[in-house]
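A.B. asks: Sequence lines, in order, name chains A and B. The first sequence begins at 1 in this note's numbering and counts up one residue at a time. The second sequence begins at 1001 in this note's numbering and counts up one residue at a time. C-beta: ideal position from N, C-alpha, C; glycine also. Before we start, here is the structure in question, set down as structure tokens.
2 protein chains.
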Amino acid sequence: MASRQPLPATAYAILGLLSFGRELTGYELKQWADDSLRFFYTAPAMSQIYTELERLHDAGLVLDRVVQDGNRTIRSYRLSARGAAALRTWAAETRPEPPVLKHHLALRLFLGHLVEPERLVEQVRAHRTWLEHMLTELADVRDDLAHDDPDTWRYARLVAAWGRRYYESEAAAMDELLAELSLLPVSRSLENLPGS
Amino acid sequence: MASRQPLPATAYAILGLLSFGRELTGYELKQWADDSLRFFYTAPAMSQIYTELERLHDAGLVLDRVVQDGNRTIRSYRLSARGAAALRTWAAETRPEPPVLKHHLALRLFLGHLVEPERLVEQVRAHRTWLEHMLTELADVRDDLAHDDPDTWRYARLVAAWGRRYYESEAAAMDELLAELSLLPVSRSLENLPGS
DNA sequence: ATGGGCATGTAACGAGTTACATGATTTT
DNA sequence: AAAATCATGTAACTCGTTACATGCCCAT
């Protein structure tokens, strides 16, 4: 029990996963986060999930059930009534913050004058490959969602569709970038830095 | 002097800004970060810029110059030869990490069953408005870049072009999302949560 | 019997934030 | 005279990570 203070976004993400109605262990939550949140939100580390679950439990927003499975202890969590209320209030009444983007490749591009153009091209291509990888994994998710209850996973499917567009657009942007980079005249700015 | 250990990405971002050759104060770096990094990388807080500058100075990667301007002290920083070398090594030899995305709106969409559809639509629309705002600000940046030395800002212009596509694609995705949301049958899942 | 997956947790740490505190200079 | 901008910095804190530590269960 206690503290109505605003929780970290990750706490709401975990409550959100629990709002699908299943009773889950920390381990299972981590797996699910890796299969869903990962694509549009960072999947929290295992240890943070446990930390967050404890906090949520202390606040009375989740209920736990301790199962003595032979010799080891397994704790499963489910949403409490208060947790569901807090979650709904959060979802309805707080406005989503703007997305947080740390685009390391864009930073490299911004600082393109630091490397030979071929290096940059390599890095853009590597990023492109990564995007393709994400797209195939997303496709797997979409396949799974197609098999399951259409009502429950309605919004998950919308996010998956959004994600597909998102990553595809990024991949197309990388292709355009590669075209633009190939047109760039040889830079002389490498020599303008201190120490050369 | 000291420590060849890997610096946080933000330190390299600051070194990167200094690699454009100007001598800058912490305050000026913050302003510039807000006008550039902001669009593809989080602009660090003022206090962190000072922290990072001190770290970089201790490591001998930047040189400072203390100007006694009347009564107050102003510290300007410029890249040292070692800093330039460290920066170039980083840019050429370490591969950029995948982008970090925390898309709060996507999380809300994923948890769409928690709110009335109209709420969701409002939030998507608000996000769309924010994207438009970012686009107009980016357009201002592009105008500025068009006036300045084309050689120096070559890569900055590429990033700005990338950013424009990025935010435009997001805006288009929001429009598609709104269309899809309007087709969605009324959900009954609001009633399936604990406590209702 | 060994390796991988299931399962839980702690400790140390680091990046980055907000809030606080101060004061000069410039513009209105 | 007041407000905005320039300018620097500290303190407290929190989110979140990696590394560590443990041990069960199941398949090969």
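#1: Which of helix, strand or coil does DSSP assign to R1065(B)?
#2: Looking at the unbroken beta strand (DSSP E) that takes in E1073(B), where does it start and where does it end?
#3: Have a look at S19(A) and H57(A) and give me their C-alpha separation to the nearest angstrom.
#4: State the Cα-Cα distance for the pair E28(A) and M174(A), rounded to the nearest angstrom.
#5: Quick one: is S3(A) buried, meaning 16 or more other Cβ sit within 10 Å of its Cβ, or exposed?
#6: For V1159(B), name the three-state secondary structure that DSSP assigns.
#7: According to DSSP, simplified to helix, strand and coil, what is S1019(B)?
#8: Identify the residues that DSSP records as bridge partners of L24(A): which are they?
#9: Hey, R1075(B) and T1025(B): beta-carbon distance below 8 Å or not?
#10: Report buried or exposed for E52(A), applying the criterion of at least 16 other Cβ atoms within 10 angstroms of its Cβ.
#11: Over the uninterrupted beta strand (DSSP E) stretch that includes L115(A), give me the two end residues.
#12: Is the Cβ of V159(A) closer than 8 Å to any Cβ of chain B?
#13: My guess is that A1124(B) and L1183(B) are in contact by the Cβ rule of under 8 Å, so how many angstroms apart are they, rounded?
#14: With DSSP as the reference, identify every bridge partner of L107(A), one or two as the case may be.
#15: Roughly how far, in whole angstroms, is the beta-carbon of L1120(B) from the beta-carbon of L1181(B), given that I think they are within contact range, below 8 Å?
#16: For L1007(B), name the three-state secondary structure that DSSP assigns.
C.D. replies: In brief:
#1: DSSP places R1065(B) in the strand class (E or B) of the three-state scheme.
#2: Residue identity check: residue 1073(B) is Thr in the sequence provided, not Glu. R1072 to L1079 is the span of the beta strand (DSSP E), which, as asked, contains T1073(B).
#3: 15 Å
#4: 35 Å
#5: For S3(A), the predicted model reports a pLDDT of 48, less than 50, meaning its position is unreliable; a value from the coordinates is still stated below. Classification for S3(A): exposed.
#6: helix
#7: coil
#8: Y77(A)
#9: yes
#10: By the neighbour-count rule (16 or more Cβ atoms within 10 Å), E52(A) is buried.
#11: Before going on, a small fix: residue 115(A) reads as Val here, not Leu. Segment: none, V115(A) is in no beta strand (DSSP E) and carries neither H nor E.
#12: Residue-level contact check: V159(A) touches chain B, since one or more beta carbons of chain B fall below 8 Å from its beta carbon.
#13: Residue identity check: residue 1124(B) is Val in the sequence provided, not Ala. Actually they are not in contact, since the Cβ atoms of V1124(B) and L1183(B) sit about 14 Å apart, beyond 8 Å.
#14: BP columns for L107(A) are empty, so no partner.
#15: 6 Å
#16: In this structure, L1007(B) counts as coil in the three-state DSSP scheme.
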